[in-house]
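Structure, as structure tokens:
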Amino acid sequence: MSKTLVIVESPAKAKSISKFLGSRYTVKASMGHLRDLPKSQLGVDLENDFEPKYIAIRGRGDLIKDLRAAAKGADKVFLASDPDREGEAIAWHLSHLLGLNQSDKNRIEFHEITKQAIQSAIKHSRQIDQDRVDAQQARRVLDRLVGYQLSPLLWRKIKKGLSAGRVQSVAVRLVDEREEEIRAFVSEEYWSLMANLQSSGGKFLAKLLKKSGKKISISSKAEMEAILADLAKKEFQVSDVRTKEKKRLPAPPFITSSLQQEAHRKLGFSPKRTMMLAQQLYEGLDLGKEGTVGLITYMRTDSVKIAEVAQEEAKEWILTNYGNEYYPPEPRQFANKGRAQEAHEAVRPTLPLRTPDLLKGILSRDQLRLYRLIWERFMASQMSVAIVDTLTVESLVDEYLFRANASTVRFPGFLAIYEEGKDEDETMDEEQNSLTLSVSPGEKLKLIKLQEKQHFTEPPPRYTEASLVRKMEEEGIGRPSTYAPTIETIQTRGYVVKEEKQLLPTELGDIVITLLKEHFPDILNLEFTANLEEKLDLIEEGKAPWKAVVKDYYTPFSVALAEAEEKIGKVKIEDQVSDEICENCGRNMVIKMGRYGKFLACPGFPECRNTKPLFEEVGANCPTCAKPLVVRRSKKGRKFYGCLGYPECDFVSWEMPAPDPCPECQQLMVIKSSKRQKKHVCTNPECRHTIVLEES
Numbered sequence: 001m002s003k004t005l006v007i008v009e010s011p012a013k014a015k016s017i018s019k020f021l022g023s024r025y026t027v028k029a030s031m032g033h034l035r036d037l038p039k040s041q042l043g044v045d046l047e048n049d050f051e052p053k054y055i056a057i058r059g060r061g062d063l064i065k066d067l068r069a070a071a072k073g074a075d076k077v078f079l080a081s082d083p084d085r086e087g088e089a090i091a092w093h094l095s096h097l098l099g100l101n102q103s104d105k106n107r108i109e110f111h112e113i114t115k116q117a118i119q120s121a122i123k124h125s126r127q128i129d130q131d132r133v134d135a136q137q138a139r140r141v142l143d144r145l146v147g148y149q150l151s152p153l154l155w156r157k158i159k160k161g162l163s164a165g166r167v168q169s170v171a172v173r174l175v176d177e178r179e180e181e182i183r184a185f186v187s188e189e190y191w192s193l194m195a196n197l198q199s200s201g202g203k204f205l206a207k208l209l210k211k212s213g214k215k216i217s218i219s220s221k222a223e224m225e226a227i228l229a230d231l232a233k234k235e236f237q238v239s240d241v242r243t244k245e246k247k248r249l250p251a252p253p254f255i256t257s258s259l260q261q262e263a264h265r266k267l268g269f270s271p272k273r274t275m276m277l278a279q280q281l282y283e284g285l286d287l288g289k290e291g292t293v294g295l296i297t298y299m300r301t302d303s304v305k306i307a308e309v310a311q312e313e314a315k316e317w318i319l320t321n322y323g324n325e326y327y328p329p330e331p332r333q334f335a336n337k338g339r340a341q342e343a344h345e346a347v348r349p350t351l352p353l354r355t356p357d358l359l360k361g362i363l364s365r366d367q368l369r370l371y372r373l374i375w376e377r378f379m380a381s382q383m384s385v386a387i388v389d390t391l392t393v394e395s396l397v398d399e400y401l402f403r404a405n406a407s408t409v410r411f412p413g414f415l416a417i418y419e420e421g422k423d424e425d426e427t428m429d430e431e432q433n434s435l436t437l438s439v440s441p442g443e444k445l446k447l448i449k450l451q452e453k454q455h456f457t458e459p460p461p462r463y464t465e466a467s468l469v470r471k472m473e474e475e476g477i478g479r480p481s482t483y484a485p486t487i488e489t490i491q492t493r494g495y496v497v498k499e500e501k502q503l504l505p506t507e508l509g510d511i512v513i514t515l516l517k518e519h520f521p522d523i524l525n526l527e528f529t530a531n532l533e534e535k536l537d538l539i540e541e542g543k544a545p546w547k548a549v550v551k552d553y554y555t556p557f558s559v560a561l562a563e564a565e566e567k568i569g570k571v572k573i574e575d576q577v578s579d580e581i582c583e584n585c586g587r588n589m590v591i592k593m594g595r596y597g598k599f600l601a602c603p604g605f606p607e608c609r610n611t612k613p614l615f616e617e618v619g620a621n622c623p624t625c626a627k628p629l630v631v632r633r634s635k636k637g638r639k640f641y642g643c644l645g646y647p648e649c650d651f652v653s654w655e656m657p658a659p660d661p662c663p664e665c666q667q668l669m670v671i672k673s674s675k676r677q678k679k680h681v682c683t684n685p686e687c688r689h690t691i692v693l694e695e696s
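Going by UniProt numbering, the residue at position 432 of the sequence shown is 432; the numbering climbs one at a time, nothing skipped.
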């Protein structure tokens with residue numbers, strides 16, 4: 001009986017696939033890459049047309065021997081690594097390590113781990129796609145040339161341990177330049193005016209928008225008072241009433257970037273956590289009687305394409321649970337942007353009829369939350385449009401135009417299941433009126449009250465991990481597989497820190513980016529980096545030779561590298577001296593930046609290696625022992641608030657303590673903020689007294 005060996009990347013995937021194949025198949029895991037460029041040297045022959053030098057990865061020798069033995073004893077070998085460039089390269093490296101014939105059809109590819117997908121993949125095996133491999137080789141070689149030649153320059157000029165990268169440095173630049181915008185921002189005063197009006201049909205709010213047909217801008221209290229004087233004792237009258245029907249289309253099913261953004265908005269997950277959970281859902285989880293099953297399609301994709309079989313299952317569920325009016329006249333497909341892989345699919349449930357409720361008690365809490373998000377987004381994408389009725393009422397008072405807007409959902413369509421979230425920097429509609437309002441043109445209105453309000457313009461918001469993913473995607477920086485690891489890397493390197501979900505550049509990040517911008521403008525140029533990503537796509541499409549692309553990039557880079565070595569002097573980062581005295585040697589300790597923020601270190605290093613935490617007091621006292629509360633960080637870098645007296649006192653709070661105790665019970669209050677409101681809330685469960693500070 002013939003034996004077939006199938007090699008996948010992970011043990012979890014091997015376990016899932018094994019149950020779909022018979023006893024003639026053996027499934028083993030390569031544990032990712034087994035061959036790569038050496039860590040100890042550049043590994044790229046600059047004199048020989050950038051030929052890479054690949055070696056077996058240290059520590060993988062026994063695994064390679066095991067796979068070679070299994071391949072030798074098999075009549076057929078299938079390489080089933082992930083369906084992307086990286087997976088294609090892993091298959092190519094495996095074929096060389098195992099001595100397989102390069103012309104054999106031993107590559108299989110699937111986008112979901114289901115019986116049908118696996119069996120179909122085996123029936124449609126193909127040769128390794130050398131163009132896709134070459135695109136990965138070009139990216140790997142370029143990243144090695146930049147990383148291994150630019151990083152040592154930073155070590156020599158700034159300090160050891162620094163790194164620079166083709167994508168990571170651009171990501172730091174984005175964060176750094178946003179911070180520059182915030183620092184340079186000058187807030188300006190402006191005023192708004194709302195009219196609380198009474199019609200025969202009810203009360204409503206209208207906003208002052210125009211004067212003499214032009215958009216009005218009120219920049220001072222004096223200007224506002226002049227307008228109020230103009231409006232004094234004037235009659236409000238309806239000048240125009242407009243009704244309109246709007247159709248809202250559902251969002252497409254998730255791609256990698258939109259999944260990371262929405263999971264951050266709705267679930268509070270970092271891109272790294274989202275991808276870790278998505279990997280688990282993709283590779284397969286034990287569902288009891290069903291065994292190990294892959295629950296979602298491949299999660300690294302930029303395609304919004306949907307398989308017909310999935311659309312049919314979605315249709316069945318929608319018609320059964322909601323009825324005909326909730327299903328569109330034709331199954332809905334979405335158009336891909338740019339060079340998205342047409343062979344790939346969007347991130348969707350492998351079995352749309354497997355609702356999230358069926359998985360309660362089987363998946364972990366966070367696995368289920370992410371699965372529900374993916375399932376709802378996909379199902380909504382296949383549903384009818386939502387129909388929204390809008391009403392606009394305009395009132396003219398002499399030359400001043402006031403406008404009121406209202407809307408109501410006439411038919412929810414896809415909104416019955418899912419509505420896309422918004423980022424904090426996206427404007428929210430200010431429709432505060434009811435559409436049941438009945439008004440007619442020419443109707444006289446009673447003015448109940450004019451409400452003037454002072455505002456100040458705000459700087460652009462700092463990036464969150466999700467909004468940085470969105471920006472990188474918009475600019476064409478990186479690819480679906482690189483967003484999460486890039487954002488993790490820039491934090492691990494100490495170039496960027498996360499405070500209250502916002503990303504801030506460190507002093508080190510600012511220094512490195514300033515130096516790179518001056519001496520390596522191309523590396524940090526967004527358009528240049530995006531153009532390179534397009535060239536990698538051309539290599540994958542067989543339209544550009546990979547070594548020529550590398551040469552075009554490396555030639556000017558090597559010139560800039562030589563010039564920078566000559567021109568850049570030693571950059572000294574002065575440590576901030578603290579009042580804390582080192583108990584070991586008596587020196588004043590200095591403040592340094594580590595992975596989890598600032599800490600105190602003795603300047604006598606390496607003779608004295610004393611370090612200690614640097615605690616930032618928050619201005620509130622511990623409710624347990626009255627010592628100051630300070631900012632602390634968990635092992636994963638998450639900020640929390642704890643007692644200075646730890647470990648004797650173990651009080652902690654994940655929420656920022658308010659400076660003043662509760663006026664009702666004198667217990668600790670914490671600060672809670674949302675897009676609409678900022679408030680102090682008492683932590684005493686029997687009190688829960690709330691003080692609203694700001695409302696928008």
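For each residue, glycine too, the CB sits at the ideal point set by N, CA and C.
Straight-line gap, residue i to residue j (C-alpha atoms, nearest Å)
i, j, result
"GLY413", "ASN321", "13 Å"
"ALA14", "ASP66", "15 Å"
"GLU420", "ARG365", "21 Å"
"SER2", "ILE255", "40 Å"
"HIS455", "SER674", "18 Å"
"LYS203", "GLU394", "14 Å"
"GLU262", "ALA466", "8 Å"
"LYS547", "VAL141", "9 Å"
"LYS627", "GLY645", "7 Å"
"ILE158", "LYS39", "22 Å"
"ASP49", "PHE640", "52 Å"
"GLN333", "LEU63", "43 Å"
"SER125", "ALA135", "21 Å"
"GLU655", "ILE671", "7 Å"
"VAL549", "PRO521", "19 Å"
"ALA56", "HIS96", "11 Å"
"ARG35", "LYS53", "10 Å"
"GLY268", "VAL631", "21 Å"
"GLU225", "LYS211", "15 Å"
Helix, strand or coil at residue i according to DSSP, with G and I counted as helix
i, result
"GLU430", "Here the model assigns GLU430 a pLDDT of 49, short of 50, so the residue's position is not dependable and the matter cannot be decided."
"ASP579", "strand"
"GLY202", "strand"
"LEU249", "coil"
"THR611", "strand"
"ASP129", "coil"
"HIS519", "helix"
"PRO52", "strand"
"VAL77", "strand"
"TYR322", "coil"
"TRP155", "helix"
"SER653", "strand"
"ILE448", "strand"
7 Å Cβ cutoff met for residue i and residue j
i, j, result
"VAL409", "LEU249", "no"
"LYS272", "GLU488", "yes"
"CYS662", "PHE651", "no"
"VAL304", "PRO252", "yes"
"ALA138", "LEU150", "no"
"SER258", "VAL469", "no"
"SER169", "LEU516", "yes"
"ARG132", "ARG166", "no"
"GLN666", "PRO623", "no"
"LYS567", "ARG403", "no"
"LYS246", "THR390", "yes"
"MET383", "TYR326", "yes"
8 Å contact criterion, which residue i and residue j should meet: CB distance rounded
i, j, result
"ILE490", "GLN198", "With 8 Å as the limit, ILE490 and GLN198 do not qualify as a contact, their Cβ atoms being about 56 Å apart."
"ARG688", "TYR463", "Contact doesn't hold; Cβ gap of about 34 Å is too wide."
"PRO480", "ARG300", "5 Å"
"residue 699", "LEU396", "Only positions 1 to 696 of the chain appear in the structure, and residue 699 is not among them; the question remains open."
"LEU162", "TRP155", "6 Å"
Original post:
In chain order, which alpha helix (DSSP H) runs of at least 4 residues are fully inside the region 480-536?
Top reply: Assignment of alpha helix (DSSP H) within the region 480-536, counting only whole runs of 4 or more residues, yields 483-492, 507-519 and 521-524 in chain order.
**OP:** Kindly provide the ranges of any beta strand (DSSP E) runs that are 3 or more residues long and lie completely inside the region 639-693, ordered along the chain.
**Re:** For the region 639-693, whole beta strand (DSSP E) runs of length 3 or above, ordered along the chain, are 639-643, 669-673 and 677-682.
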